[in-house]
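Protein chains in written order, with my numbering: chain A, 1 to 288; chain B, 1001 to 1408. Just so it is clear, CB atoms sit at the ideal spot from N, CA and C, and this is done for glycine as well. Working notes, structure below.
So this is what it looks like as structure tokens:
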């Protein structure tokens, strides 16, 4: 039983990690705690329903539609809602993201109605059996895509000029501006990428269960994941996601489903008390 | 000229004027604004979750009741009065239920209230409902707190948990020819879920069998833990309590593990979305028990009328959903109760009429809906339903009356 539970936890955690990666990326680049990230997961699920189930687009086009539409939505939100608040307090911006989440939920319910939608895609639904452990092909795919995204972003940040500009912006907006970096554009791209990552998470979650606004709750598990891993850390977001997935599955299997929240948030509290910058984050030092 | 030398024309004119003038006065006399009854309309309250975790089913129920009321209003209303539904969104939050209930009983008074699909809120408000003056007619969920003992202020409107458990266990035990059924109940980790698991256990024990309760979170993304528990328990069949995502997650995970165990769900989760989300080989092992007949199952008169209205009001996609049918039936229940209470209806008269016993004929849309002075649950009979993937239609097994044998 244990290997099976561990594998399911890692697979589920990979999806949480993907959503957490988007959350961390936005925070790293723009210093904004985006509480609408869970609703971006829902938006991704309904973009998939629109393209795949309603417009009957081929799967490759469905994927392109999700990526492009989610990127445009993320960029538009940054331009219309976040940018005008530059220089305002963190609380104001957090309130905007909470309001955004409520507005997105209402819009989705108006457009798609109250009923959940079934997502039909050609993603695999079978299983591999390895040493008696049943491995869901969909879980494998979700984990694979998550790790691919992690790898691509690691390379992007490490080896591309734009990745370097994003890192520079994250380290200090003023210094980046003085260096000639278009900080506003960098922020917009960060929001677009964060939105796309959440939308891909939404695609997998909708395939695992149903496309509904209730996916927001699952998407918001990215929040403890990213805090545990370290708000500023890209690998930390992924590993935080994996930890949350593992804890959830182990607690559900060996204690009770409800206890999963207790274990996840106890770890969150412990991390905040002992290592507030997260397991993989960097401690910020201020000179006075 | 008349016999006393008075011109008849003006007198007749005055008499006619008095008569005409008196008619609005007569209407005004039958008004009872404190009860939500006015000359041209009656206010009726609905409290349901329209944007919370159970909105996927409760908003569909609300669409059903709205459509029935609209159909009645389009035909002229009841005794010349239209029915005005005041719908309150409680977001599955008991505190909002209380606010909505207070509002509909005092601030914007209504003649009666339907819905109240939050079991926890219903239990919390039970004493208020029992002591109050506003009848709850056609609830979406029915708890013991408001029905045992019955109160003249509460009348259920959905299949009971106990009956769902009894019919589900009984029908599968018979179909699988089991001497002592071994059951696993996968249920939401809530008070209602635990109550349902207890009813399944009692039903299994009645057949000489046993059951094990396995909880699952409402917003679970995976059912591996539950399926591993099912594998360990080796049940003859599985009972499910939850939202639409619960059977979807469970059946998919069971398929992943190659488990062919039959599964039955409660009425709330006998919806097209569940079957459409499952491949036929998994969906064909899933059945549900219900006291309402899902759209498209047969060609009864009630089904035809509901289908016609759903298409007319733009709700064609909802008519196969059991929750829409339930809302529609409660719309009929409410309007017929108001009509039977008479043209001078008040809360008091409505309660007096209901408490003596009342029934409606849904013309095939549900099991009999009937209240007696001793039993206010309303709908007692259920039967099993499945889904035919070839015809994309729901299929019922036998009649509601035949399933009576499974109930204690």
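- Relative to the C-alpha of residue 1048 of chain B, which residue among B/1123, B/1061, B/1037 is closest? The shortest Cα separation from residue 1048 of chain B among B/1123, B/1061, B/1037 belongs to B/1061.
- Cα-Cα separation between residue 1330 of chain B and residue 1338 of chain B, rounded to whole angstroms: Rounded to whole angstroms, the gap between the alpha carbons of residue 1330 of chain B and residue 1338 of chain B is 12 Å.
- How should residue 1010 of chain B be labelled, buried or exposed, when 16 other C-beta atoms within 10 angstroms of its C-beta is the threshold for buried? Residue placement at residue 1010 of chain B cannot be trusted, given a pLDDT of 46 that sits under 50; the coordinates are not used to answer.
- Message: Are the CB atoms of residue 1172 of chain B and residue 1482 of chain B within a distance shorter than 9 Å?
- Response: As displayed, chain B neither begins before 1001 nor continues past 1408, which places residue 1482 of chain B out of reach and without an answer.
- Query: Straight-line CA distance for residue 1134 of chain B to residue 1166 of chain B?
  - Reply: Their Cα atoms are separated by approximately 32 Å.
- Task: Counting only runs of 4+ residues fully inside the segment 156 to 226 of chain A, write out the alpha helix (DSSP H) ranges in chain order.
- Result: Runs of the alpha helix (DSSP H) lying entirely within the segment 156 to 226 of chain A, each at least 4 residues long, are 161 to 171, 173 to 178, 183 to 208, 215 to 219 in chain order.
- Beta-carbon of residue 1271 of chain B versus every beta-carbon of chain A: anything under 9 Å? Nearest CB-CB separation between residue 1271 of chain B and chain A: below the 9 Å threshold.
- Item | Run of the alpha helix (DSSP H) containing residue 261 of chain A, from where it starts to where it stops | Counted as a single uninterrupted DSSP element, the alpha helix (DSSP H) harbouring residue 261 of chain A occupies residues 259 to 274.
- Item | Test item: CB-CB of residue 43 of chain A and residue 202 of chain A under 9 Å | A contact, by the Cβ cut-off of 9 Å.
- Nearest-angstrom Cα distance between residue 212 of chain A and residue 1058 of chain B? Cα to Cα, the separation comes out at about 14 Å.
- Query: Hey, would you say residue 82 of chain A sits closer than 9 Å to residue 32 of chain A, going by beta carbons?
  - Reply: It is a contact, given that the beta carbons lie within the stated cut-off.
- Query: Can you list, in chain order, the residues of the segment 1049 to 1060 of chain B whose Cβ is nearer than 9 Å to any Cβ on chain A?
  - Reply: Of all residues in the segment 1049 to 1060 of chain B, 1050, 1051, 1053, 1055, 1056, 1057, 1058, 1059, 1060 have a Cβ within less than 9 Å of some Cβ in chain A.
- Task: Indicate the three-state DSSP secondary structure (helix, strand or coil) for residue 32 of chain A in the structure shown.
- Result: Look at residue 32 of chain A here: in three-state DSSP terms it is coil, with no helix or strand label.
- Nearest residue (CA-CA) to residue 1138 of chain B, options B/1154, B/1131, B/1145: Ranking the options by Cα distance to residue 1138 of chain B, first place goes to B/1154.
- Of the residues that make up the segment 188 to 214 of chain A, which ones have a beta carbon closer than 7 Å to any beta carbon in chain B? Taking 7 Å as the Cβ-Cβ cut-off against chain B, the residues of the segment 188 to 214 of chain A that qualify are 205, 208, 209, 210, 212, 214.
- Query: Within the chosen definition, does the segment 1212 to 1219 of chain B reach the segment 1239 to 1248 of chain B through at least 3 CB pairs nearer than 8 Å?
  - Reply: Result yes; three or more Cβ-Cβ pairs closer than 8 Å.
- Message: At the 9 Å Cβ level, is residue 1229 of chain B part of the contact set with chain A, yes or no?
- Response: True, the Cβ-Cβ gap to chain A drops below 9 Å.
- Query: At least one CB of chain B closer than 9 Å to the CB of residue 1 of chain A: is that the case?
  - Reply: Yes - at least one Cβ of chain B is within 9 Å of the one on residue 1 of chain A.
- Give a yes or no on whether the minimum CB-CB distance between residue 1219 of chain B and chain A is below 9 Å. Proximity of residue 1219 of chain B to chain A, defined by a Cβ-Cβ separation below 9 Å, is satisfied.
- Task: Could you tell me which residues DSSP puts in a beta bridge with residue 1238 of chain B?
- Result: Looking at the DSSP assignment, residue 1238 of chain B forms a beta bridge with B/1184, B/1263.
- Output, in chain order, the set of chain B residues within a Cβ distance shorter than 7 Å of residue 310 of chain A. Nothing in the structure corresponds to residue 310 of chain A, since chain A is present only between 1 and 288.
- Could you tell me the distance, in whole angstroms, from the CA atom of residue 141 of chain A to the CA atom of residue 242 of chain A? As the crow flies, the alpha-carbon of residue 141 of chain A is around 15 Å from that of residue 242 of chain A.
- Message: Quick check: is the beta carbon of residue 1216 of chain B nearer than 9 Å to any beta carbon in chain A?
- Response: Contact with chain A is found for residue 1216 of chain B, since one of that chain's Cβ atoms lies less than 9 Å from the residue's Cβ.
- Item | Helix, strand or coil at residue 1170 of chain B [DSSP, three-state] | When secondary structure is reduced to three states using DSSP, residue 1170 of chain B falls in the helix class.
- Query: If you measure from the beta carbon of residue 1318 of chain B to each beta carbon in chain A, is any gap under 9 Å?
  - Reply: Judged by the 9 Å Cβ criterion, residue 1318 of chain B is in contact with chain A.
- Task: Could you check how far apart the C-beta atoms of residue 289 of chain A and residue 37 of chain A are, in whole angstroms? I think they sit under 8 Å.
- Result: For chain A, the structure presents residues 1 to 288; residue 289 of chain A sits outside this window and is missing.
- Name the residue from A/106, A/49, A/20 whose alpha carbon lies nearest to the alpha carbon of residue 146 of chain A. When A/106, A/49, A/20 are compared, the shortest CA-CA separation from residue 146 of chain A is found for A/20.
- Cβ-based contacts, 8 Å cut-off: residues of the segment 1163 to 1186 of chain B near chain A: Per Cβ criterion, the list is empty.
- Query: Along chain B, in chain order, which residues have C-beta atoms closer than 9 Å to that of residue 109 of chain A?
  - Reply: Listed along chain B, the residues sitting closer than 9 Å to residue 109 of chain A by beta-carbon distance are 1050, 1051, 1055, 1059.
- Query: Can you tell me where the beta strand (DSSP E) with residue 1384 of chain B in it begins and where it stops?
  - Reply: It spans 1383 to 1388 - the beta strand (DSSP E) in which residue 1384 of chain B sits, taken as one unbroken run.
- Query: residue 1328 of chain B lies in the alpha helix (DSSP H); which residues open and close that run?
  - Reply: Taken as a continuous stretch (DSSP letters only), the alpha helix (DSSP H) holding residue 1328 of chain B covers 1322 to 1340.
- Message: If you measure between the beta carbons of residue 1111 of chain B and residue 1087 of chain B, is that distance less than 9 Å?
- Response: Against a cut-off of 9 Å, the Cβ pair of residue 1087 of chain B and residue 1111 of chain B comes out as no contact.
- Sort A/272, A/189, A/92 by Cα distance to residue 74 of chain A and report the nearest one. Just measuring C-alpha positions, the residue of A/272, A/189, A/92 sitting nearest residue 74 of chain A is A/189.
- Item | Meets three-Cβ-pair contact criterion under 8 Å: the segment 1266 to 1278 of chain B and the segment 1313 to 1324 of chain B | Taking a cut-off of 8 Å for Cβ pairs, the segment 1266 to 1278 of chain B and the segment 1313 to 1324 of chain B touch, as three or more such pairs fall below it.
- Item | Which residues DSSP lists as bridging residue 1065 of chain B, in chain order | Its beta-bridge partners do not exist; DSSP assigns none.
- Query: Are there 16 or more other CB atoms within 10 angstroms of the CB of residue 56 of chain A, so buried, or fewer, so exposed?
  - Reply: Under this definition residue 56 of chain A is an exposed residue.
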